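Numbering (my numbering), first residue to last: 164 to 467.
For glycine and all other residues, C-beta sits at the position ideal for the given N, C-alpha and C.
Note that the structure is predicted; figures quoted are calculated from it, not measured.
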Amino acid sequence: PQFTGKDLDPNQISVGSDQQTGAVVINFEMKGDAIGKFGDFTGKHIGDQLTITLDRKVISSATINSQINGPGIITGQFTQSQAQAIVTVLQYGALPLSLQIASEETVGATLGYDSIIKSVIAGAIGLSIVVLFMILYYRLPGLLADLALVLYAIFTLAVFKIFGFTLTLAGIAGFILSIGMAVDANVLIFERVKEELRAGRMLSSAIDIGWKRAWPSIRDSNISTLITCAVLFYFGSNFGASIIVGFATNLFLGVLVSMFTAIVVTRTFLNVLVPTGVVNHPALFGLPAGSIASASLARRNSTV
């Protein structure tokens, strides 16, 4: 620009009226060295347009009718409010203003670093309570389920990393909910195994039968959850609800991984330990003393 707001005298900018026509005009005047420069500029550009801009937006554009060596006026078909708006722009542009930082806060990606940290802490506390409950109530199977849960968390986070999913606050909620689904599957399986042990079956048979009988319930509940996730993803995508999409995506992946860890990993741990004989103590399954031994004896007696 040839001139800026600093070249204007803010005390000489005002709304006035043409003495002959009574039309609304804008009075202005330059200050200091800008007076002479403005006079030379207008003298060389008579008939050209003089444009006033603010933030690269045109506020007003007028034709230079004569050389201006002092006070000048801007004429046009202005209303009083339009003229006042232009005067305000010129006055603020003429004032030497500077910005001062009153406060500053860095906000992390998605919903903010603080919210993510608090959510992770809440999830860790909940997970710790679940781990402790599984060990106290289900003993050895609970411990193995907790180990499978650790693998589940590693697998799920690895999938998020590989496919580049953003772990938003809604995504963390879906992830934590899928942990609950994984624990729920283990609870169903272990209760079935304990029922088979109480019925007098051998440990290896109780594990196999317990898994087979718990599988339909686990399968149906997880499929229902996957269908719900698909519906949430569809409507979230179509209505631009990214939070719902993130929740549905993370829950969907978490449920798939939880089914794998609950059905395959935990069962593999038990099947590896059973032949060694170190897990035949009833207390390791939360059963009264002699439960497994008496079951084995009953099976042998019935066979004889």
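is_contact[residue i, chain D] using C-beta, thresh 9 angstroms
i: G199; result: Considering every chain present, this structure includes no chain D. It has just one protein chain.
Inter-residue Cα distance where the pair is residue i and residue j
i: E267; j: I279; result: 20 angstroms
i: G409; j: T331; result: 7 angstroms
i: T316; j: M344; result: It is Ala, not Thr, that sits at residue 316 in the sequence shown. When rounded, the distance between both Cα atoms is 13 angstroms.
i: I227; j: G327; result: 60 angstroms
i: I189; j: Q263; result: 32 angstroms
i: G233; j: M193; result: 7 angstroms
i: D172; j: G235; result: 12 angstroms
i: D309; j: A265; result: 49 angstroms
i: R299; j: I406; result: Reading off the sequence, residue 299 comes out as Leu, not Arg. Rounded to the nearest angstrom, the two C-alpha atoms are 36 angstroms apart.
i: G195; j: T167; result: 13 angstroms
i: R355; j: G334; result: 32 angstroms
i: H208; j: Q243; result: 28 angstroms
i: G206; j: T238; result: 18 angstroms
i: E517; j: G373; result: The structure shown does not extend to residue 517, since the chain is modelled only from 164 through 467, so no value can be given for it.
i: A248; j: L213; result: 18 angstroms
i: G202; j: Q240; result: 25 angstroms
i: A336; j: R382; result: 22 angstroms
i: S459; j: N401; result: Confidence is the limiting factor: at S459 the pLDDT is only 43, short of 50, which leaves the residue's position unreliable and the question unanswerable from this model.
i: N443; j: I352; result: 18 angstroms
i: T412; j: L290; result: 21 angstroms
i: T439; j: L360; result: 18 angstroms
i: S470; j: R302; result: The requested residue 470 is not part of the displayed model; the chain covers only 164 to 467.
i: T329; j: F323; result: 7 angstroms
i: S380; j: I325; result: 31 angstroms
i: I176; j: A404; result: 50 angstroms
i: V252; j: G185; result: 23 angstroms
i: S224; j: G210; result: 12 angstroms
i: I288; j: Y397; result: 32 angstroms
i: L447; j: T431; result: 17 angstroms
i: S457; j: G363; result: With a pLDDT of 44 at S457, under the threshold of 50, the modelled position of this residue cannot be trusted; read the value that follows with caution. Roughly 7 angstroms between the two C-alpha positions.
i: D277; j: V283; result: 10 angstroms
Which residues DSSP lists as bridging residue i, in chain order
i: M193; result: L171
i: V178; result: I189
i: L217; result: K220
i: Q212; result: T226
N- and C-terminal bounds of the alpha helix (DSSP H) containing residue i
i: S367; result: 366 to 401
i: G334; result: 332 to 361
i: V435; result: 429 to 436
i: F448; result: Premise fails: F448 is in no alpha helix (DSSP H) and is neither H nor E.
i: I407; result: 405 to 423
Option nearest residue i by Cα separation, candidates the options
i: F191; options: T319, K169, H208, N443; result: K169
i: F338; options: I176, R355, T319, A197; result: T319
i: A393; options: W378, L414, A287, I406; result: L414
i: I386; options: L416, I370, W374; result: L416
i: S384; options: D371, A186, K324, L419; result: L419
i: F204; options: Q230, S223, S224, G373; result: Q230
i: N434; options: L366, Q254, K200; result: L366
i: Q165; options: G185, I176, F402, G199; result: G199
i: A311; options: T429, R376, V437, V293; result: T429
i: V187; options: A197, Q245, N174, S224; result: Q245
i: I222; options: V250, G210, L395; result: V250
i: V437; options: P304, L389, A197; result: P304
i: Q254; options: L314, A362, N174, V293; result: N174
i: T388; options: T431, A197, D371, S341; result: S341
i: S421; options: L314, K375, T391; result: L314
i: V294; options: L306, A197, A285; result: L306
N-terminal and C-terminal residue of the beta strand (DSSP E) that residue i is part of
i: G235; result: 235 to 237
> Are the stretch 337 to 356 and the stretch 419 to 426 touching by the rule of at least three beta carbon pairs closer than 8 angstroms?
Replying inline: yes
>> Using 8 angstroms as the cut-off, can you tell me whether the stretch 171 to 188 makes contact with the stretch 213 to 222, which would need three or more C-beta pairs spanning the two stretches below that distance?
In response: no
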